[in-house]
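Those protein sequence lines, which keep their order, are chains A and B. Anchor point for the first sequence: position 141 equals 141 in this note's numbering, and the numbering is continuous, going up by one each time. Anchor point for the second sequence: position 44 equals 44 in this note's numbering, and the numbering is continuous, going up by one each time. Where a beta carbon is used, it is the ideal one built from N, C-alpha and C, also for glycine. Quick caveat: nothing in here was measured; it's all calculated off a predicted structure. Contents: one structure, followed by commentary.
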Amino acid sequence: MEHPILFISIILEKLGLPIPHGPVGHGLIEQLTAPYMTYTWFTMIFLVVVGKLTLGNLEMVPGKGQNFWEILIGGMDDFFVENMGRELTDKLFPMIATFALYIAVANLIGLIPGFMSPTSSINTTLALTIIVWITHHIIGIRANGLAYVKHFLGPMPVLIPLMLPIELISNFARLLSLSIRLFGNIMAKETLLGILFMLAGAYFAPLPIMVLGVLVSLVQAMVFVLLTVVYFTQSNEHAH
Amino acid sequence: MSKMSKEMIHLLGNYGHIGFTFVAAIFIGMGGGILLDQKVFDDRTTPWFTFIGLAFGIAAGFKSLFDIIKQQNKEFNDKDKD
Chain A
1 MEHPILFISI ILEKLGLPIP HGPVGHGLIE QLTAPYMTYT WFTMIFLVVV GKLTLGNLEM
61 VPGKGQNFWE ILIGGMDDFF VENMGRELTD KLFPMIATFA LYIAVANLIG LIPGFMSPTS
121 SINTTLALTI IVWITHHIIG IRANGLAYVK HFLGPMPVLI PLMLPIELIS NFARLLSLSI
181 RLFGNIMAKE TLLGILFMLA GAYFAPLPIM VLGVLVSLVQ AMVFVLLTVV YFTQSNEHAH
Chain B
1 MSKMSKEMIH LLGNYGHIGF TFVAAIFIGM GGGILLDQKV FDDRTTPWFT FIGLAFGIAA
61 GFKSLFDIIK QQNKEFNDKD KD
């Protein structure tokens, strides 16, 4: 999709780096300077710098910044514990919380003119989903050993030839549905905003869509995290 | 977070991906069938594996639908016990 103005791309172009005109270029540098890559790095730098600035010196009586993070991290911790138990949360909290923060910020920066959401590229969401998908199999194998295969064999031995393909297909469908839902929602938001800016940007036409965009961004981040938690819980428990 | 919005997120997460999962299962089943027909068996078995894959894909879609409903029922029952 043609984006109106992307600040990082313009800065890089001024520095003499090649900027791909399509979604992905051919050379290595072109692939590294694709907009979704540069904005992924921007999101990462933003999260690290904000975290460093607000949590640089921890205090017993928290200030404004530390208070915000304590509520956010504490809320997420409670949510995960409620859904998948203390033990699994302690193991996986850094990963899932990072996903939550990254996806939420990545979705939201697309609302600022001149920025784009890295999650509006299928590459980013598919990468996140593959990590989740492989991790939930690793959790299953570590928790159940070889008995993890029973998850895919259905309730009765007679039904194995029928249930095995069905279970495998529905497991691979997780890979597809998790990535495409996040990508589709955010890409739709970005495209709609771009078109409305182009058509009637001077009359504030994109404003209602931006309000909806905030909602969609946060809800999609939450849904991604919730589904991750559900998958981890399911692969961790014993087969029925 | 209030109790209401937590419930809302749960419902959104559980029911919001029914459509996508259903479609994804059908596409993967049929795609696997087409792949078997065209690449593995070199068009000798042409319509059959596609149809079998499609049938398995639809079955997998319904199965994931039932799984989602079962999961939601379990959560409701857990809440009733508390």
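Please confirm whether residue i and residue j have their CB atoms less than 8 Å apart.
{"i": "B/F20", "j": "B/S64", "result": "no"}
{"i": "A/T33", "j": "A/L17", "result": "yes"}
{"i": "B/F49", "j": "B/G33", "result": "yes"}
{"i": "A/V216", "j": "A/N185", "result": "yes"}
{"i": "A/W133", "j": "A/L175", "result": "yes"}
{"i": "A/I160", "j": "B/A60", "result": "no"}
{"i": "B/A55", "j": "A/A173", "result": "no"}
{"i": "A/V229", "j": "A/F80", "result": "yes"}
{"i": "A/L128", "j": "A/F99", "result": "yes"}
{"i": "A/H97", "j": "A/M76", "result": "Reading off the sequence, residue 97 of chain A comes out as Ala, not His. Closer than 8 Å, so yes."}
{"i": "A/L15", "j": "A/P35", "result": "no"}
{"i": "A/L146", "j": "A/N236", "result": "no"}
Report all residues from its chain with a CB closer than 6 Å to the CB of residue i; omit the five preceding and five following residues, and keep chain order.
{"i": "A/T38", "result": "I8"}
{"i": "A/G154", "result": "M163"}
{"i": "A/F224", "result": "I103, L182"}
{"i": "A/G56", "result": "none"}
{"i": "A/S126", "result": "A small fix is needed here, since residue 126 of chain A is Leu in this sequence, not Ser. Counting only Cβ-Cβ distances below 6 Å, and skipping sequence neighbours, we find S179."}
{"i": "A/F115", "result": "I109"}
{"i": "A/I139", "result": "F232, S235, N236"}
Ignore the nearest five residues each way along the sequence and tell me which others in residue i's own chain have a CB closer than 8 Å to its CB.
{"i": "A/E2", "result": "Any answer about A/E2 is weak, because its pLDDT of 49 lies below 50 and its placement is not dependable; what the coordinates show is given next. If we look at A/E2 and ignore the five residues flanking it on each side, its Cβ neighbours are G194."}
{"i": "B/H27", "result": "The displayed chain sequence assigns Phe, not His, to residue 27 of chain B. Closer than 8 Å at Cβ, skipping near neighbours: G57."}
So, for residue i: in the same chain, excluding its five sequence neighbours on each side, which residues have a beta-carbon less than 7 Å away from its beta-carbon?
{"i": "A/L227", "result": "L178"}
{"i": "A/I166", "result": "none"}
{"i": "A/I19", "result": "S9, L12, E13, T33"}
{"i": "A/E59", "result": "Q66"}
{"i": "A/P62", "result": "E70"}
{"i": "A/A221", "result": "A100, I103, A104, N107"}
{"i": "B/N14", "result": "I68, Q71, Q72"}
Rank the options by C-alpha distance to the C-alpha of residue i and give the top, closest one.
{"i": "A/R181", "options": "A/L28, A/G110, A/W69, A/V219", "result": "A/V219"}
{"i": "A/R142", "options": "A/K14, A/F204, A/H238", "result": "A/H238"}
{"i": "A/L92", "options": "A/H136, A/L175, A/F68", "result": "A/H136"}
{"i": "A/L108", "options": "A/L12, A/T125, A/G75, A/T43", "result": "A/T43"}
{"i": "A/P113", "options": "A/F99, A/N171, A/F204", "result": "A/F204"}
{"i": "A/E30", "options": "A/L47, A/T191, A/I166, A/L12", "result": "A/L12"}
{"i": "B/I68", "options": "B/G16, B/E7, B/I9, B/M8", "result": "B/G16"}
{"i": "A/S120", "options": "A/I45, A/L192, A/P206, A/T233", "result": "A/L192"}
{"i": "A/V48", "options": "A/G110, A/V105, A/I96", "result": "A/V105"}
{"i": "A/Y148", "options": "A/F232, A/T54, A/K52", "result": "A/F232"}
{"i": "A/F46", "options": "A/G201, A/L101, A/I130", "result": "A/L101"}
{"i": "A/P206", "options": "A/L72, A/L111, A/F68, A/D90", "result": "A/L111"}
{"i": "B/L99", "options": "B/N77, B/D78, B/Q72", "result": "Here chain B covers residues 1 to 82 and nothing more, so residue 99 of chain B does not appear."}
Is residue i near the ligand MG, going by C-beta to nearest heavy atom under 7 Å?
{"i": "A/F68", "result": "The ligand content of the structure shown is nil, which means the ligand MG is not present either."}
What does residue i reach in chain C if we use C-beta pairs closer than 7 Å?
{"i": "A/L227", "result": "The structure shown contains no chain C; its protein chains are A and B."}
Can you tell me which of the three DSSP states residue i falls into?
{"i": "A/M1", "result": "Low per-residue confidence applies at A/M1: pLDDT is 45, beneath 50, and the placement is therefore not dependable, though the value from the model is reported in the following sentence. Coil, per DSSP."}
{"i": "A/N236", "result": "helix"}
{"i": "B/D42", "result": "coil"}
{"i": "A/I112", "result": "coil"}
{"i": "B/L65", "result": "helix"}
{"i": "A/V61", "result": "coil"}
{"i": "A/S9", "result": "helix"}
{"i": "A/A205", "result": "coil"}
{"i": "A/S117", "result": "coil"}
{"i": "A/I134", "result": "helix"}
{"i": "A/I180", "result": "helix"}
{"i": "A/T191", "result": "helix"}
{"i": "B/H10", "result": "helix"}
- Item | Short-range partners of chain A found in the stretch 60 to 79 of chain B, where Cβ spacing is below 8 Å | Those residues of the stretch 60 to 79 of chain B that come within reach of chain A (Cβ to Cβ, closer than 8 Å) are A60, G61, K63, S64, D67, Q71.
- Query: What residues from the stretch 45 to 57 of chain B come within 7 Å of chain A, judged by C-beta to C-beta, listed N to C?
  - Reply: Hits within the stretch, in order: F56, G57.
- Please list the residues of the stretch 20 to 40 of chain B that have a C-beta atom closer than 9 Å to any C-beta atom in chain A, keeping them in chain order. Result list: F20, T21, F22, V23, A24, A25, I26, F27, I28, G29, G32.
- Message: Can you pull out the residues from the stretch 175 to 192 of chain A whose beta carbon lies closer than 7 Å to at least one beta carbon of chain B?
- Response: Going along the stretch 175 to 192 of chain A in chain order, one finds L176, S177, I180, R181 with a Cβ nearer than 7 Å to chain B.
- Query: For the stretch 67 to 92 of chain A, which residues have a beta carbon sitting closer than 7 Å to at least one beta carbon of chain B?
  - Reply: If the cut-off is 7 Å between Cβ atoms, the stretch 67 to 92 of chain A has G75 near chain B.
- Would you list, in chain order, the members of the stretch 206 to 227 of chain A that have their beta-carbon closer than 7 Å to a beta-carbon of chain B? Correct list: V219, M222, V223, L226, L227.
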